[in-house]
Amino acid sequence: MAGTESSALVLNATYEPLCVVSGRRAAVLVLSAKAVPVAAGDGVLHSSRTTVPVPAVVRLSRYVRVPHRPSVPLTRKAVFARDGGRCVYCGAAATSLDHVVPKSRGGAHAWENVVSACGRCNHVKADRGIAELGWRLRTSPAAPQGAAWRVLGSRRMDPRWAPYLGIDAEQLEEPA
Ligand SMILES: [Zn+2]
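If you're matching positions, the sequence shown starts at -17 in our numbering and goes up one per residue.
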């Protein structure tokens, strides 16, 4: 059955991004009137009585209160999304994470020190700092802010979610 492998973005009643669930789970939320479809996904879900299109984005019918999450988990996908899937040193497609100040020199594994990088820059840089190489960062890394980041980095992401996350669709594409 098509659509069962897909993921769907769940928005709160206020359109605030909440979480990501399976496309099947999102369709069940729609079937049980707990959510309304906002953007169509791929495929359909067959239940005993009806057929419902699998949504890519749903919005909850009732507002749910969510506890504030103080910090965004530092994951490869989230860093790639923040950095636009590009190497912060040369702008090529990113393939790896790099510690700006190398861990071997006490650099932290933190949002302010972890960036996306291409394999070539990562290899050339090795255990050196950027000052030694005369390199500059295209952007200064920082922890992402805002509700959109609650859903980034943990699962496969769909460019159709972008308008609801307030970011560019290309940031959700898997970097090559
Ligand atoms: Zn590079």
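Don't be surprised by glycine CBs; every beta carbon is placed ideally from N, CA and C.
Counted within 10 angstroms of its Cβ, other Cβ atoms place K85 as buried (16 or more) or exposed: Its Cβ having fewer than 16 others within 10 Å, K85 is exposed.
P145 versus L(-7) - alpha carbon distance: For P145 and L(-7), the distance between alpha carbons rounds to 12 Å.
A15, DSSP secondary structure in three states: The answer is coil: DSSP assigns A15 none of H, G, I, E or B.
Beta carbon nearer than 6 Å to a non-hydrogen atom of ligand 1: Cβ-based neighbours of ligand 1 within the cut-off: C69, Y71, C72, A74, A99, C100, R102, C103.
For A63, three-class secondary structure by DSSP: Correct three-state label for A63: helix.
Beta-carbon proximity list for A130, same chain, < 7 Å, skipping 5 on both sides: The residues P(-1), L147, G148, I149, in chain order, have a CB closer than 7 Å to that of A130 in the same chain once the five nearest residues on each side in sequence are set aside.
Where the alpha helix (DSSP H) through H105 begins and ends: Note, H105: alpha helix (DSSP H), 101 to 107.
Integer-rounded CB distance, given that L56 should sit under 8 Å from H91: About 7 Å separates the two Cβ atoms, so the contact holds.
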